[in-house]
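J.: Below: one structure in structure tokens.
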Amino acid sequence: MKFGPVQIGTYRDRHGRTKDSAVCTADACGWSITKPKGGRYMAAVYVLQPDGTRARKFAYGKTWAECDVKRRELLTKVDQGVPVPTRSARLSEWLPYWLENIVKPHCKRTTHAKYEVRVRLYLVPLLGSKRLESLSVGDVRRILVQLQEKTSAATAKESHRVLRTALTAAVREELVTRNAATSLEPPTVEDRELSPWTLQETLDFLAAGLKDPLFAAFVLAIALGFRRGEIVGLRWENVERVEGEAYEDGPRGKRRRQTLPLPGICVAALRWQRMKQMEMRVKAGDAWVETGYVFTTRSGRPIEPRNVYRSFTRVAKDAGLRVIRLHDARHGTATLLTAAGVLPRVVMEILGHSQIAVTMNVYAHVVQDTQREAIGHMDRLLRQRSGRP
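What follows is the structure, given as structure tokens:
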């Protein structure tokens, strides 16, 4: 009998045995349900593989209805473009697919770039031949030990985090039922001792970098704690004339806006940057490409993020200062603000931390210094009131 594009009935196989069957007669469907005599119902559906090809996937059920439910579930994944491996994919197949189709569309470019490095240099070479379903806790522990011995604890910890995230996505896609990386504690990394510039060193740096083309970028990093990505991604449309400045720093397709009051030193630096950019636009003429970025090349294109740090390092060396990371200038911002008595919650908002614990943990040494000063003041006060020396 027929029902729509599906034909249901019986047939004889090449051995003469009678079988129940249901076959989709439309080429686009690509599925069938059969039942050998005395056996279970079997659905066969052409599904997408992680490498982009198609293969036939089988599902079984004791009843027609049970088998048909499983068939429909498979077809739903086909319609959604979700890969359903006919056999467990290897890590060398799943990890690149995860990067391209899950991480890249939904995360920041910097996140994708960091994940890609860990996958290419460490995870695929060490675990690429393993299949998702056969990956064990022992396998993960083994490669973490290797990474910690050959590279560093920090590299091992970050690689563990990337692998755990990738396997979580595999569980969510129902490619595996467990995540072999979740039960393992990541390697312990000693906290990096912060050594931001003192106030005098900061002033010396600003004086030395006054004529540098990226002087305004340095001011934003020091005065407001801007990250490198926030500096190169800043557009003129985000710089308001009154009350503050807003910048973008969110995943692709999303926008997180934060408004900050601009201190006078930032206003002056940005006005200087605007004038310098207008001069560059005139000199470039028809070669100028209008992108709207605050910091650009001589032709108007976005600057390379690494060049910001290169210029930052060069100015520090020329001034005879300790060479620190550009990110340490951000630490210096919090240090100066906290030492000046600014509440941690305000420091958190200025620096754009997602949690107050981040601010307190990273800059605990500044808080401790403030506590010592407060206790010393209390001690002097009590000694005065008690009349003791």
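Quick note on numbering: the sequence shown equals residues 74 to 462 in the numbering used here.
Think of the CB as a built atom: it goes at the ideal place given N, C-alpha and C, for glycine as much as any other residue.
So what's Phe299 in DSSP terms, helix, strand or just coil?
T.: Counting from 1 along the sequence shown, the entry for residue 299 is found at position 226. Three-state DSSP puts Phe299 in coil, outside helix and strand.
J.: Residues in the same chain with beta-carbon distance under 6 Å from Val315, minus the five sequence neighbours each way, listed in chain order, please.
T.: Here residue 315 is taken as the residue at index 242 of the sequence shown, counted from 1. Summary for Val315: the model assigns pLDDT 39, below 50, so the residue's position carries little reliability; its value from the coordinates is reported in the next sentence. Excluding residues within five positions, none has a Cβ falling inside 6 Å.
J.: Tell me the DSSP bridge mates of Ala116?
T.: Position 43 of the sequence shown, counting from 1, holds the residue named residue 116. Beta-bridge annotation (DSSP): Ala116 is paired with Ile106, Ala132.
J.: Can you tell me which of Leu121, Thr126, Tyr133 puts its alpha carbon nearest to the alpha carbon of Arg113?
T.: Working through the sequence shown from its first residue, we reach residue 113 at position 40. Arg113 has its Cα closest to that of Tyr133, out of Leu121, Thr126, Tyr133.
J.: Taking the Cβ atom as the reference point for each residue, do Phe299 and Ala342 lie within a distance shorter than 8 Å?
T.: The residue given as residue 299 occupies position 226 in the sequence shown. The residue given as residue 342 occupies position 269 in the sequence shown. In this structure, Ala342 does not lie closer than 8 Å to Phe299 by Cβ.
J.: Which of the three DSSP states, helix, strand or coil, is assigned to Thr386?
T.: Locating residue 386 in the sequence shown gives position 313, where the first residue counts as 1. Helix at Thr386.
J.: Distance, Cα to Cα, Pro307 vs Leu399?
T.: On the sequence shown, residue 307 is found 234 positions in, with the first residue counted as 1. On the sequence shown, residue 399 is found 326 positions in, with the first residue counted as 1. The sequence given here has Leu at residue 307, not Pro. Cα to Cα, the separation comes out at about 17 Å.
J.: If you run the structure through DSSP and keep just helix, strand and coil, what is Arg398?
T.: The count along the sequence shown starts at 1 and reaches residue 398 at position 325. It is coil, neither helix nor strand.
J.: So what does DSSP say about Arg308, is it helix, strand or coil?
T.: The sequence position of residue 308 within the sequence shown is 235, counting from 1. If DSSP states are grouped into helix, strand and coil, Arg308 belongs with the strands.
J.: At what residues does the alpha helix (DSSP H) containing Leu279 begin and finish?
T.: Here the question's residue 279 lines up with position 206 in the sequence shown. Where Leu279 is concerned, the enclosing alpha helix (DSSP H) stretches over 272-281.
J.: What is the DSSP secondary structure of Leu333, reduced to helix, strand or coil?
T.: Position 260 of the sequence shown, counted from the first residue, corresponds to residue 333. If DSSP states are grouped into helix, strand and coil, Leu333 belongs with the strands.
J.: When the Cβ atoms of the stretch 131-149 are set against those of the stretch 172-183, are three or more pairs found closer than 8 Å?
T.: no
J.: Closest to Val151 by CA distance: which of Glu246, Leu276, Leu424 is it?
T.: Translated into the one-based positions of the sequence shown, residue 151 becomes position 78. Out of Glu246, Leu276, Leu424, Glu246 has the C-alpha closest to the C-alpha of Val151.
J.: Skipping 5 residues on each side, what residues in its chain have a beta carbon closer than 7 Å to that of Pro375?
T.: Locating residue 375 in the sequence shown gives position 302, where the first residue counts as 1. Only Val305, Thr364, Tyr366, Thr369 meet the Cβ criterion.
J.: Cβ atoms of Gln221 and Asp269: under 8 Å apart, would you say?
T.: Within the sequence shown, the letter at position 196 stands for residue 269. Within the sequence shown, the letter at position 148 stands for residue 221. Reading off the sequence shown, one finds Pro at residue 269, where the question assumed Asp. Contact flag unset, no.
J.: What would DSSP say about Thr411, mapped onto helix, strand or coil?
T.: In the sequence shown, counting from the first residue as 1, residue 411 sits at position 338. Reduced to three states, the DSSP call for Thr411 is helix.
J.: Residues bridged to Leu121 by DSSP?
T.: As a first step, residue 121 must be located in the sequence shown, where it is residue number 48. In the DSSP output, where bridge partners are listed per residue, Leu121 has Arg127.
J.: Can you give the beta carbon distance from Arg301 to Tyr382, rounded, assuming they're within the 8 Å contact cut?
T.: Here residue 301 is taken as the residue at index 228 of the sequence shown, counted from 1. Here residue 382 is taken as the residue at index 309 of the sequence shown, counted from 1. 7 Å between Cβ atoms; contact.
J.: Consult DSSP for Pro198 and reduce its assignment to one of helix, strand or coil.
T.: In the sequence shown, residue 198 corresponds to position 125, counting from 1. Three-state DSSP puts Pro198 in a helix.
J.: Looking at the unbroken alpha helix (DSSP H) that takes in Ile423, where does it start and where does it end?
T.: By one-based count along the sequence shown, residue 423 stands at place 350. Here the alpha helix (DSSP H) through Ile423 covers 417-424.
J.: Going by the beta-carbon positions, is the gap between Val235 and Tyr188 smaller than 8 Å?
T.: Start at 1 with the first residue of the sequence shown, and residue 235 comes out as number 162. Start at 1 with the first residue of the sequence shown, and residue 188 comes out as number 115. Closer than 8 Å, so yes.
J.: If you follow the alpha helix (DSSP H) that Thr241 is in, where does it begin and where does it stop?
T.: Along the sequence shown, read from residue 1 onward, the residue named residue 241 stands at position 168. That run of the alpha helix (DSSP H) goes 226-245.
J.: Who are the near neighbours of Gly317 in its chain, counting only those whose CB is closer than 7 Å to its CB and skipping five residues on each side?
T.: As a working mapping, residue 317 is identified with position 244 in the sequence shown. Here Gly317 scores only 43 on pLDDT, less than 50, and its place in the model is too uncertain to base an answer on.
J.: Is Leu276 closer than 8 Å to Ala254 when the C-beta atoms are compared?
T.: In the sequence shown, counting from the first residue as 1, residue 254 sits at position 181. In the sequence shown, counting from the first residue as 1, residue 276 sits at position 203. It is not a contact, given that the beta carbons lie outside the stated cut-off.
J.: How far does the alpha helix (DSSP H) with Pro169 in it reach, from first residue to last?
T.: For the purposes of this step, residue 169 is identified with residue 96 of the sequence shown, where counting begins at 1. That run of the alpha helix (DSSP H) goes 164-171.
J.: I need the straight-line Cα distance from Trp167 to Arg237, nearest angstrom please.
T.: Residue mapping note: residue 167 aligns to position 94 of the sequence shown, counting from 1. Residue mapping note: residue 237 aligns to position 164 of the sequence shown, counting from 1. Each residue's Cα considered, the two are about 13 Å apart.
J.: Buried or exposed for Gln219, going by 16 or more other Cβ atoms inside 10 Å?
T.: Mapped onto the sequence shown, residue 219 falls at position 146. When all chains shown are included, Gln219 counts as exposed.
J.: Taking all protein chains shown into account, decide if Phe385 is buried (16 or more other Cβ within 10 angstroms of its Cβ) or exposed.
T.: Numbered from its first residue, the sequence shown carries residue 385 at position 312. The residue in question, Phe385, is buried, as its Cβ has 16 or more Cβ neighbours within 10 Å.
J.: For the putative contact between Leu205 and Val249, defined by C-beta atoms under 8 Å, what is the C-beta separation to the nearest angstrom?
T.: To locate residue 205, count along the sequence shown from 1; it is residue 132. To locate residue 249, count along the sequence shown from 1; it is residue 176. Their Cβ separation, rounded to whole angstroms, is 5 Å, which keeps Leu205 and Val249 in contact under 8 Å.
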